[in-house]
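End of the sequence shown = 749 in this note's numbering, gap-free, step of one.
The structure appears right after this line, and notes come after that.
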Amino acid sequence: MRNTPSGVVIEAEGGAVAVGRFVAQLQAQPPKQARIEALQISDMPVCGRPAPFEIKASGRSGDLQAGMPPDLATCADCRAELVDPKDRRFGYPFINCTNCGPRFTIIRELPYDRERTSMAEFRMCPNCKREFENPADRRFDAQPNACPVCGPQIALINGHRTAEDGRQTVKAEGPTTAIQEAVQLLKAGGILAVKGVGGYHLCCNAANGAAIDCLRERKHRPAKSLAIMFAGLDQIKRYCEISAMEARELTDPTAPIVVLRWKPDAELSSLLSLGKRQISPDTDDVGVFLPYTPLHHLLLAEISPLVMTSGNLAEEPIAKDEQELSAILGPVANAALSHNRAIVRRCDDSVLKIVAGQRLFLRRSRGFVPDAIGLPLEGPAVLACGAEQKNTVCVTRGAQAFLSQHIGDLDDYRAYRFFQETVEDFSALLKVKPAIVAHDLHPDYLATRYALAQSGARLIGVQHHHAHIAACMAEHGLTERVIGVALDGTGFGPDGTIWGGEFLVADLADFRRVGHFKPYRMPGGAEAIRQPVRMAFSYGLAELNANDRRDLPALLSDLDADECPVLAGMIAQGVNAPWTSSAGRLFDAVAALLGLGAAITYEAQAAIRLQTIARPEGVPPYPYAIEIQDGAFQLSFGPAIRAMVADLRANVDRGRIAGGFHQTIAEAVGEMCVRIREGERLERVALSGGVFQNDLLLALTTNGLLRRGFQVYSHQLVPPNDGGIALGQAAVALARMDGNLQENSNF
Ligand code: ZN
Ligand code: ZN
Ligand code: FE
């Protein structure tokens with residue numbers, strides 16, 4: 003048996019029946035973490051002597067195709083040994099086996115062998131070595147195999163520095179004392195940094211409101227939801243609504259953060275309801291996960307639940323080593339539970355939600371990266387650089403796409419450096435030199451500038467919303483033309499305006515904009531994103547009658563009345579007030595109209611509040627209008643804005659108005675697609691864009707389209723937000739290469 007660049011090679015010799023049984027069993031019951039994508043069988047000369055089972059050393063030419071595995075949560079067997087006082091790994095925070103443990107985050111180079119991981123520094127003791135070499139052992143060939151005698155160790159590091167040389171000191175060593183001291187700190191309301199698989203977490207007691215407030219203040223994260231880690235499923239069930247499928251996701255080896263719904267207040271224990279509003283102030287949803295390393299299990303057995311958030315300040319990349327830890331240890335954390343196994347590449351937790359029985363990724367990272375995503379076409383190696391926010395990059399080889407872990411918002415220079423490292427990392431792991439570099443059309447995105455500075459590769463610019471739709475198509479193996487509905491925040495439009503409410507007829511190679519949301523001015527540009535009430539003002543000014551326009555300052559409680567003339571001037575003269583057809587800005591405007599538009603501290607905050615209060619059941623949609631503008635359909639929500647203002651004046655319940663608004667978007671998207679179908683004869687609709695993270699809107703829109711007889715495709719493998727853009731860029735670039743271009747392009 004041998005790991006080779008193209009997979010595992012097994013030489014088996016024996017009678018025809020025995021070998022046949024071996025092959026059948028391999029297919030029917032492959033080893034737990036094996037995935038058989040293809041099986042090729044060929045005859046070879048009989049060597050005739052009984053040979054012992056042996057695994058041959060890997061050749062040096064291995065690469066991702068041979069399977070660089072994602073990190074795996076601690077398995078049930080290891081969990082049982084961890085709490086068994088008779089086991090030699092009792093209480094050992096680095097227990098792992100062939101079925102579990104770190105992979106992607108400890109591998110320096112392929113092929114995946116211990117000497118090329120950050121476990122190379124630890125020499126296996128005779129006991130571990132015996133397990134490692136015994137084919138009958140669960141730890142046979144488990145590269146990170148370790149025990150208390152030979153493996154990594156934890157230590158608790160003090161947050162405050164010594165007076166003499168300003169160094170942080172080790173407070174406690176050894177699993178028992180270090181964990182006990184950490185638990186004491188958490189019980190006293192302190193903040194602890196914990197070294198995980200892909201980086202440090204910051205955690206505190208989820209039942210201690212003051213501790214959560216303190217964590218938010220120190221981390222500069224005033225309102226965005228925080229994830230909670232629970233010791234076990236039973237505990238989650240006490241606090242959250244959970245389906246069988248959600249439970250399966252939580253206990254899967256990928257161990258993602260799963261977004262659940264809090265139980266109604268009445269049912270919540272008084273203990274945690276104390277922290278509930280501090281954990282997720284804007285929504286009834288909460289991201290929860292289960293311990294996925296032995297260290298988590300040991301810690302959570304003593305204190306649970308814990309708020310667990312990535313170890314960074316604001317939007318910087320997650321800290322992965324001692325140097326990066328120093329930025330949060332002290333300023334944010336009182337102490338750090340750390341260890342001496344290096345994290346080779348950082349990797350944040352994945353976040354997903356189950357919507358209509360399907361995965362909706364909000365972030366695809368640890369546990370899923372670097373699994374390949376199959377593309378419906380192949381070609382030379384492509385590097386796709388992604389967009390500016392929630393950046394990921396994608397490298398292709400053949401018909402496989404490798405989407406990177408979450409990198410972050412590139413306007414932070416540390417995130418941009420991480421972006422550059424990841425581009426090099428993925429190219430090196432795949433052993434490819436990209437012949438094509440695909441990029442967004444926005445000239446100021448750092449990812450675009452990086453692409454344009456590359457020489458020796460062909461550059462292919464891909465429009466932002468075409469990339470969104472192409473990502474959805476690629477996931478589903480679609481290459482023929484579809485109707486693409488991209489509801490998004492911001493994307494560069496070739497006409498010089500900001501797009502984001504787009505109806506495209508698209509194949510992978512090209513697209514035509516057949517419809518869009520009616521555009522409005524964004525007074526102050528990006529400032530109109532940070533202050534959603536500015537968008538409400540802009541919509542109001544354009545759509546309301548003279549009387550209502552005069553009342554706008556009174557209607558918009560979050561708007562400073564003195565600012566109105568300035569904003570009105572910007573809009574009238576078109577100075578620092580770009581046009582946008584963005585669906586995200588429409589959600590902002592409506593949220594602000596309903597009094598939810600105070601300045602936001604994180605992306606989509608106003609829209610999240612709007613979704614949270616929405617009660618759509620039995621509420622009819624508001625009126626809207628489909629007009630023809632320059633040969634394309636223009637969807638105007640002016641009539642809806644007027645009707646919502648009338649409802650507000652009539653004191654209609656805001657939950658009803660918000661619900662009616664969601665119904666309106668779903669209805670209008672459905673009717674637009676019907677109009678497009680009349681001319682284009684297309685039955686397939688692909689939905690993408692960051693606004694479809696709103697699962698209420700996604701469900702209403704999907705149902706409305708199905709009712710009208712469409713086949714509806716939405717994301718299941720990558721996020722609908724800009725975290726999935728790179729996959730779409732890569733697919734478009736491949737489709738544009740000669741030979742893949744459709745002969746009779748209709749664009
Ligand atoms: Zn295990
Ligand atoms: Zn050992
Ligand atoms: Fe986008």
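Glycine residues also receive a C-beta, built at the ideal position from the N, C-alpha and C atoms.
Based on the DSSP secondary-structure assignment, which residues constitute the bridge partners of residue i?
i: GLU324; result: Per DSSP, none; premise fails for GLU324.
i: ARG460; result: ILE438
i: LYS2; result: The structure shown has nothing for residue 2, since the chain only spans 3 to 749.
i: ALA157; result: GLU175, SER340
i: LEU331; result: ALA335
i: LEU301; result: BP columns for LEU301 are empty, so no partner.
i: HIS222; result: According to DSSP, HIS222 bridges with nothing at all.
i: SER312; result: HIS203
i: THR76; result: THR76 is not bridged to any residue.
i: GLN280; result: The partner list for GLN280 (beta bridge, DSSP) is empty, contrary to what the question assumes.
i: GLY400; result: GLY381
Rounded to whole angstroms, what is the Cα-Cα separation between residue i and residue j?
i: LYS435; j: ARG710; result: 46 Å
i: LEU270; j: GLN280; result: 14 Å
i: ASN696; j: GLN391; result: 18 Å
i: ALA737; j: ARG460; result: 14 Å
i: GLY64; j: LEU112; result: Low confidence applies here, because GLY64 scores a pLDDT of 39, under 50, leaving its location unreliable and the question unanswered by this model.
i: ALA735; j: LEU443; result: 13 Å
i: PRO382; j: SER44; result: 29 Å
i: GLY503; j: ALA574; result: 23 Å
i: ALA508; j: ILE108; result: 40 Å
i: ASP411; j: GLU426; result: 18 Å
i: THR499; j: GLN170; result: 52 Å
i: GLY458; j: VAL439; result: 10 Å
i: ASP632; j: PHE519; result: 13 Å
i: ASP254; j: MET537; result: 42 Å
i: ARG365; j: ILE375; result: 15 Å
i: GLY61; j: SER328; result: Its pLDDT being 45, under 50, GLY61 is placed unreliably by the model, and nothing is read from it.
i: ARG514; j: ALA548; result: 37 Å
i: PRO580; j: GLY161; result: 47 Å
i: ILE259; j: GLN607; result: 20 Å
i: ARG105; j: ASN147; result: 12 Å
i: ARG656; j: ASP564; result: 27 Å
i: ILE630; j: ILE678; result: 12 Å
i: GLU318; j: GLN407; result: 15 Å
i: GLN67; j: ALA401; result: Unreliable placement is indicated for GLN67, whose pLDDT of 49 sits below 50; the coordinate value is still reported in the next sentence. Cα-Cα distance, rounded: 11 Å.
Just confirm the distance between the C-beta atoms of residue i and residue j, as a whole number of angstroms; I'd bet it's less than 8 Å.
i: ILE214; j: CYS206; result: 6 Å
i: ALA570; j: LEU598; result: With 8 Å as the limit, ALA570 and LEU598 do not qualify as a contact, their Cβ atoms being about 23 Å apart.
i: ARG399; j: LEU432; result: 5 Å
i: ILE531; j: LEU506; result: Contact doesn't hold; Cβ gap of about 23 Å is too wide.
i: SER716; j: THR704; result: 7 Å
i: LYS226; j: TYR604; result: 4 Å
i: ALA195; j: LEU331; result: 6 Å
i: THR394; j: LEU405; result: 6 Å
Sort the options by Cα distance to residue i and report the nearest one.
i: ILE230; options: ASN210, PRO177, ALA246, PHE291; result: PHE291
i: SER275; options: ALA528, ALA473, GLY211, GLN422; result: GLY211
i: LYS265; options: GLU243, PRO258, ASP254, ALA249; result: GLU243
i: LEU339; options: PHE513, GLN465, GLU324; result: GLU324
i: MET247; options: PRO224, ASP143, ARG361, LYS173; result: ARG361
i: LEU315; options: GLN145, SER367, VAL334; result: VAL334
i: GLY517; options: VAL676, GLN29, ARG90, LEU301; result: VAL676
i: ARG90; options: CYS127, ASN101, PRO622; result: CYS127
i: LEU729; options: LEU510, TYR452, ALA249, GLU669; result: LEU510
i: PRO372; options: ARG250, ARG348, ALA733; result: ARG348
i: GLY1; options: ALA30, PRO32, MET46; result: This structure gives no information on residue 1, because the portion of the chain shown stretches from 3 to 749.
i: LEU480; options: PRO445, LEU379, ALA453, GLU545; result: LEU379
i: PHE749; options: TYR202, GLY191, ASP512; result: ASP512
i: HIS467; options: CYS77, PRO72, ASP724, ALA30; result: ASP724
i: VAL346; options: CYS566, ILE320, SER352, ASP490; result: ILE320
i: CYS152; options: ARG343, GLY661, LYS88; result: ARG343
i: PRO32; options: SER429, VAL10, ALA249; result: VAL10
May I ask whether a heavy atom of ligand 5 can be found less than 7 Å away from the beta carbon of residue i?
i: ALA528; result: Because ligand 5 does not appear in the structure shown, any question about it cannot be addressed here, the ligands present being ligand 1, ligand 2 and ligand 3.
### Message
At 4 residues or longer, what runs of the alpha helix (DSSP H) sit wholly inside the region 598-645?
### Response
607-615
### Query
Which residue spans inside the region 86-155 form an unbroken beta strand (DSSP E) run of at least 3?
Listed in chain order, nothing qualifies, since the region 86-155 has no complete beta strand (DSSP E) run of 3 or more residues.
### Query
Can you list, in chain order, the stretches of the alpha helix (DSSP H) that have 4 or more residues and sit fully within the region 672-737?
697-709
### Task
Tell me the start and end of each unbroken alpha helix (DSSP H) in the region 229-267 that is at least 4 residues and wholly inside, in chain order.
235-241, 246-253
### Query
What alpha helix (DSSP H) runs, 4 residues minimum, are completely inside the region 520-563?
529-532, 534-545, 548-552, 554-557
#### Entry: Runs of beta strand (DSSP E) wholly within the region 353-383 (minimum 3 residues, chain order)
353-357, 360-365, 375-381
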